[in-house]
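S.K.: Residue numbers (this note's numbering): 1062 to 1174. Glycine residues also receive a C-beta, built at the ideal position from the N, C-alpha and C atoms. Quick one: the structure is below, questions incoming.
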């Protein structure tokens, strides 16, 4: 398991998206365990570019999983800010959540400074 890739689902975005444009601009998440990075991408509302955030696994302080009827949200609290990936499938969200907890719980993933 070197990489996990997830994407927002249509049904979850339809019911739990912040606005109607979220359906055509879903969230994408990629967790790379070799480089120890989480990459969150979302097309902006002008449909021209992509907003991209890169989070090193060693900087994660808290990971929260919020499941709802048709999907789940993952909330990352990192040094210097927060990030949320919304409306993933429950199965993929649990997989990402458990993998990130395992990786950040090891001695290699914790930044004590």
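1. From this set, 1126, 1137, 1149 and 1127, which residue's C-alpha is nearest residue 1071's C-alpha?
2. Could you name the residues that DSSP lists as bridge partners for residue 1137?
3. Count the other CB atoms within 10 Å of the CB of residue 1083; is the residue buried (16 or more) or exposed (fewer)?
4. Quick one: Cα of residue 1174 to Cα of residue 1120, how far?
5. If we ignore side chains and look at the alpha-carbon of each, how far apart do residue 1115 and residue 1165 end up?
M.R.: On the basis of the coordinates in this document:
1. As a working note, residue 1071 is residue 10 in the chain shown. Measuring from the Cα of residue 1071, the nearest candidate turns out to be 1149.
2. Within the chain shown, the letter at position 76 stands for residue 1137. Answer by DSSP bridge pairing, in chain order: 1124 and 1144.
3. Counting from 1 along the chain shown, the entry for residue 1083 is found at position 22. Around the beta carbon of residue 1083, a 10 Å sphere encloses 16 or more other beta carbons of the protein chains shown; the residue is thus reported as buried.
4. Locating residue 1174 in the chain shown gives position 113, counting from the first residue. Locating residue 1120 in the chain shown gives position 59, counting from the first residue. Model confidence at residue 1174 stands at a pLDDT of 39, short of 50, so the residue's coordinates are unreliable and nothing is read from them.
5. Here the question's residue 1115 lines up with position 54 in the chain shown. Here the question's residue 1165 lines up with position 104 in the chain shown. Each residue's Cα considered, the two are about 16 Å apart.
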